[in-house]
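S.K.: Mind looking over this structure? Questions follow.
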Amino acid sequence: MRLNILDMTKEFGNHRVLDSVSLYLEDVRSLVLIGPSGGGKTTFLRILAGLEPITSGEIMVNDHRLSCSEEKLLEYRKHIGMVYQAYNLFPHLSALENIILPLTRVHGMTKRDAEDHARSLLKRFHLEEHAAKRPVALSGGQQQRIAICRAVAIKPEFLLLDEPTSALDPEYTSEVLDLIRELHEEGMDLILVTHEMGFAHSAADYVLFISDGGISAQGSPAEIFEQSENHRVSRFLDKVLKYTK
Amino acid sequence: MSEKNSLQALFLRPKNWQMDSVKKENVWILSVNVLLVGILLSALMWFGFSRLQYVFMWEHVWYYRINMINGFLMTIVISISSLGLSVLLGIFFGLAQRSRIHMLRIFSRIYIEAIRGTPLLVQILIFFYVIANALGLNNRYVAGILIMSIFSGAYLAEIIRAGVESIGSTQIETARAIGLTKRQTYRFVVFPQVITRVLPPLAGQFASLIKDSSLLSIIAIKEFTLAAREVNANTFSTLESYIPLAIGYLLLTLPISYLTGRLERRYRYET
Chain A
1 MRLNILDMTK
11 EFGNHRVLDS
21 VSLYLEDVRS
31 LVLIGPSGGG
41 KTTFLRILAG
51 LEPITSGEIM
61 VNDHRLSCSE
71 EKLLEYRKHI
81 GMVYQAYNLF
91 PHLSALENII
101 LPLTRVHGMT
111 KRDAEDHARS
121 LLKRFHLEEH
131 AAKRPVALSG
141 GQQQRIAICR
151 AVAIKPEFLL
161 LDEPTSALDP
171 EYTSEVLDLI
181 RELHEEGMDL
191 ILVTHEMGFA
201 HSAADYVLFI
211 SDGGISAQGS
221 PAEIFEQSEN
231 HRVSRFLDKV
241 LKYTK
Chain B
1001 MSEKNSLQAL
1011 FLRPKNWQMD
1021 SVKKENVWIL
1031 SVNVLLVGIL
1041 LSALMWFGFS
1051 RLQYVFMWEH
1061 VWYYRINMIN
1071 GFLMTIVISI
1081 SSLGLSVLLG
1091 IFFGLAQRSR
1101 IHMLRIFSRI
1111 YIEAIRGTPL
1121 LVQILIFFYV
1131 IANALGLNNR
1141 YVAGILIMSI
1151 FSGAYLAEII
1161 RAGVESIGST
1171 QIETARAIGL
1181 TKRQTYRFVV
1191 FPQVITRVLP
1201 PLAGQFASLI
1211 KDSSLLSIIA
1221 IKEFTLAARE
1231 VNANTFSTLE
1241 SYIPLAIGYL
1251 LLTLPISYLT
1261 GRLERRYRYE
1271 T
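Protein sequences appear in the order of chains A and B.
Letter by letter, the first sequence follows residues 1 to 245 of this note's numbering.
Letter by letter, the second sequence follows residues 1001 to 1271 of this note's numbering.
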């Protein structure tokens, strides 16, 4: 995936969340965003997801120029997959129906094709026994894995994940991360916001440390996690990793 | 000791009582208690009437039974028609409150506050003698249905607005993220959930509508209450006219109340 960001600024009212951010990345297969809460990483991700128009600047993602009009952003969103922290699934639909909904309504597949496709995905990730269940009947980890299935069912150019394991009970974290890793190994490009530093370290090609409305540090996982001389990064890592050693 | 315990078992609900597991002895205990409450109420009524020294003359009212039945049927027709129309009004004004158009939002706010803040009696009089007159609307039954729809619509608008707002913002966000348009989001995500959530309060509103329609009798609509008033005026048998009236309304509202309870329970299991 290719990212070309030039002087991007995002304001909510008078509050400037991202302040003239520039970035050029090519051939990155998994980009991980880390940083303290309120530093702007979720806003950054939402902008890349086409959910939030920017205030000024320019962004190119692959061949898409992100515009400020909702219509064009809607068109752009059809090419990407997005997974949130929690409550991704629609509670009134079964797991299968959740996956089928965007396929038939947004991507123009026939109901039969969509169902075949959804079933094969569920089967592939050992979730077929849950196809008919509503989200209430599923564990947090199962819900999240089905949400990821829904996001990849549309064959997106890349997958955006906003802290996909933060709202889960710890016992479910690994099954979700396993699924993400599996997808990545099969060639799915990722942009991931996470607090799972171990996963970030092993799965990322490139890491952005976002704090105070900008990219405070960037580089390969080794550069960020092991050799960073940026005191903000090391202080953050010290705190996050305090009880994991 | 055991005697005291059995008395307790008869009259007090044990702490681990579960309505789902209806056991035989529970049914027996409940029937005894229902019977006792019934006897108590009957005694109270009997005492009241004996002080009144009222002589019941049911045959007078029996003579007018066709009027009563016609009135009863008219109340059903008015309530059902008004319910249908008020659901449309409720959906429109419930959604209008979330509209981007300022005037639409302000108008629906005024409509809802004005209707919910004034007595139905006043609304009936103003609508019938001022607005319907000005519009040249002569059919009082149509006017009656319109009034009840406008009245009930304001309450439904609030129910529907609350229903739509109860759908979490993350779901709307998710719908956007998977590429649904705004219209598709309402059609496939919001409405299917709102319908199950508003069904219980909607049923309750229907029961209110049935009772409230009795006020239409003041503009001479021949519904159930007016029928009873006419029978009373002709026969001077006040209680013989009004007791069947009360029972008639209960016949309509009790099944709805039962239905509401079932819908509420079903919805609770779903979440």
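Using N, Cα and C, we set each Cβ at its ideal position, and we do this for glycine too.
Just so you know, these numbers come straight off a predicted model, no measurement behind them.
Going by C-alpha distance, which of B:Ala1177, B:Ile1160, B:Lys1182 is nearest leucine 51 (chain A)?
M.R.: For leucine 51 (chain A), the nearest C-alpha among the options comes from B:Ala1177.
S.K.: Can you find the residues in the same chain that come closer than 7 angstroms, C-beta to C-beta, to serine 1257 (chain B), ignoring five residues on each side of it along the sequence?
M.R.: Excluding residues within five positions, the ones whose Cβ falls inside 7 angstroms are Ala1207.
S.K.: When we look at the beta-carbon of lysine 242 (chain A) and count the other beta-carbons within 10 Å, is it buried (16 or more) or exposed?
M.R.: Lysine 242 (chain A) should be labelled exposed.
S.K.: Kindly say whether tyrosine 87 (chain A), judged by its beta-carbon, lies nearer than 7 angstroms to any beta-carbon of chain B.
M.R.: So yes, tyrosine 87 (chain A) belongs to the interface.
S.K.: If you follow the beta strand (DSSP E) that phenylalanine 12 (chain A) is part of, which residue opens it and which one closes it?
M.R.: Taken as a continuous stretch (DSSP letters only), the beta strand (DSSP E) holding phenylalanine 12 (chain A) covers 3-12.
S.K.: Pair every Cβ in the segment 1225-1236 of chain B with every Cβ in the segment 1094-1114 of chain B, then say whether three or more of these pairs are closer than 8 angstroms.
M.R.: The segment 1225-1236 of chain B, when compared against the segment 1094-1114 of chain B, does not touch it at the 8 angstroms Cβ threshold.
S.K.: Hey, is proline 102 (chain A)'s beta-carbon within less than 7 angstroms of any beta-carbon in chain B?
M.R.: Yes, its Cβ sits closer than 7 angstroms to a Cβ of chain B.
S.K.: Return the residues of the segment 1178-1193 of chain B that lie within a Cβ-Cβ distance of less than 8 angstroms from chain A, sorted by chain order.
M.R.: Flagged, chain order: Ile1178, Gly1179, Leu1180, Thr1181, Gln1184, Phe1188, Val1189, Pro1192, Gln1193.
S.K.: Over what stretch of residues does the alpha helix (DSSP H) that includes isoleucine 1145 (chain B) continue unbroken?
M.R.: Here the alpha helix (DSSP H) through isoleucine 1145 (chain B) covers 1140-1165.
S.K.: Identify, in the order they occur along the chain, each residue of the same chain with its Cβ nearer than 7 angstroms to the Cβ of proline 36 (chain A), setting aside the five sequence neighbours on each side.
M.R.: The residues are Ser211, Phe236.
S.K.: I want to know whether the segment 82-93 of chain A touches the segment 143-155 of chain A - three or more CB-CB distances under 8 angstroms.
M.R.: Cβ pair count under 8 angstroms is three or more, so yes.
S.K.: Looking at the structure shown, is methionine 1074 (chain B) part of a helix, part of a strand, or coil, going by DSSP?
M.R.: In the structure shown, methionine 1074 (chain B) sits in a helix (DSSP, three-state: H, G or I).
S.K.: Apart from the five residues just before and just after glycine 1071 (chain B), which ones in its own chain have a Cβ nearer than 8 angstroms to its Cβ?
M.R.: Hits under 8 angstroms: Lys1222, Glu1223, Phe1224, Thr1225, Leu1226, Ala1227, Ala1228.
S.K.: According to DSSP, what are the bridge partners of isoleucine 191 (chain A)?
M.R.: In DSSP, isoleucine 191 (chain A) forms a bridge with A:Leu31, A:Leu160.
S.K.: Restricting to Cα atoms, I'd like to know which of B:Leu1245, B:Leu1239, B:Asn1138 is closest to glycine 1048 (chain B).
M.R.: If we check each option's Cα against that of glycine 1048 (chain B), B:Leu1239 comes out closest.
S.K.: Take alanine 1149 (chain B) and list the residues in its own chain whose beta-carbon comes closer than 7 angstroms to its own, dropping the five residues that flank it on each side.
M.R.: The question names alanine, but residue 1149 (chain B) in the sequence shown is serine. These residues qualify, in order along the chain: Ser1082, Leu1085, Ser1086, Leu1089.
S.K.: Short of 6 angstroms in beta carbon distance, which residues of its chain neighbour alanine 1096 (chain B), apart from the five on each side in sequence? Order them along the chain.
M.R.: Result list for alanine 1096 (chain B): Leu1104, Ser1108, in chain order.
S.K.: When you compare the segment 1131-1146 of chain B with the segment 1052-1069 of chain B, are there three or more beta-carbon pairs, one atom per stretch, that lie closer than 8 angstroms?
M.R.: No, they do not touch.
S.K.: As a quick exercise: from B:Ile1112, B:Gly1248, B:Leu1125, B:Thr1235, pick the residue whose alpha carbon is nearest that of tyrosine 1063 (chain B).
M.R.: Taking only the C-alpha atoms, the option nearest tyrosine 1063 (chain B) is B:Thr1235.
S.K.: In whole angstroms, what separates the C-alpha of histidine 1102 (chain B) from that of serine 1213 (chain B)?
M.R.: Approximately 33 angstroms between the Cα atoms of the pair.
S.K.: Using Cβ-Cβ distances below 9 angstroms, what residues of the segment 102-117 of chain A are close to chain B?
M.R.: Going along the segment 102-117 of chain A in chain order, one finds Pro102, Arg105, Val106, His107 with a Cβ nearer than 9 angstroms to chain B.
S.K.: For threonine 1174 (chain B) and chain A, any beta-carbon pair shorter than 7 angstroms?
M.R.: Chain A contact via Cβ: present.
S.K.: So, leucine 208 (chain A) versus leucine 159 (chain A), is the Cβ gap smaller than 7 angstroms?
M.R.: For leucine 208 (chain A) and leucine 159 (chain A), no; Cβs fall outside 7 angstroms.
S.K.: Ignoring anything shorter than 3 residues or poking outside the segment 1178-1229 of chain B, list the beta strand (DSSP E) runs there in chain order.
M.R.: Runs of the beta strand (DSSP E) inside the segment 1178-1229 of chain B: none found.
S.K.: For glutamine 1205 (chain B), return the contacting residues in chain A, with the cut-off set at a CB-CB distance below 7 angstroms.
M.R.: Within 7 angstroms Cβ-Cβ: nothing; glutamine 1205 (chain B) doesn't reach chain A, min ~22 angstroms.
S.K.: Tell me which residues share the same chain as valine 21 (chain A) and place their Cβ nearer than 7 angstroms to its Cβ, disregarding the 5 neighbours each side in the sequence.
M.R.: Here the set comprises Ile5, Met8, Gly214, Ile215.
S.K.: Helix, strand or coil, according to DSSP, for methionine 1001 (chain B) in the structure here?
M.R.: Confidence at methionine 1001 (chain B) is low in this model, with a pLDDT of 48, below 50, so the placement of that residue should be treated as unreliable; the coordinate-derived value is given next. Residue state, collapsed to three classes: coil.
S.K.: Roughly how many whole angstroms lie between the Cα atoms of isoleucine 1167 (chain B) and leucine 168 (chain A)?
M.R.: Cα to Cα, isoleucine 1167 (chain B) sits roughly 21 angstroms from leucine 168 (chain A).
S.K.: Using a beta-carbon distance cut-off of less than 7 angstroms, what residues from the segment 1154-1170 of chain B approach chain A?
M.R.: From the segment 1154-1170 of chain B, only Gly1168, Thr1170 have a Cβ closer than 7 angstroms to chain A.
S.K.: Taking the alpha helix (DSSP H) that arginine 150 (chain A) falls in, what are its first and last residues?
M.R.: Its alpha helix (DSSP H) spans residues 140-153.
S.K.: In the DSSP assignment, find the beta strand (DSSP E) that holds methionine 82 (chain A) and state where it starts and stops.
M.R.: Residues 80-83.
S.K.: Closest by CA to proline 1255 (chain B), which one among B:Ala1233, B:Arg1266, B:Ile1210?
M.R.: Checking every option, the nearest Cα to that of proline 1255 (chain B) belongs to B:Ile1210.
S.K.: I want to verify the contact list: residues of chain E whose CB lies under 9 angstroms from the CB of lysine 78 (chain A), in sequence order.
M.R.: In the structure shown, chain E does not exist; the protein chains are A and B.
S.K.: With 16 as the cutoff for other CB atoms within 10 Å, does threonine 42 (chain A) come out buried or exposed?
M.R.: Buried, by the Cβ-count rule.
S.K.: Tell me, please, whether the CB atom of histidine 92 (chain A) is closer than 7 angstroms to any CB atom in chain B?
M.R.: Yes, contact with chain B.
S.K.: Is glutamine 1205 (chain B) closer than 7 angstroms to tyrosine 1267 (chain B) when the C-beta atoms are compared?
M.R.: No, these two residues do not count as a Cβ contact at 7 angstroms.
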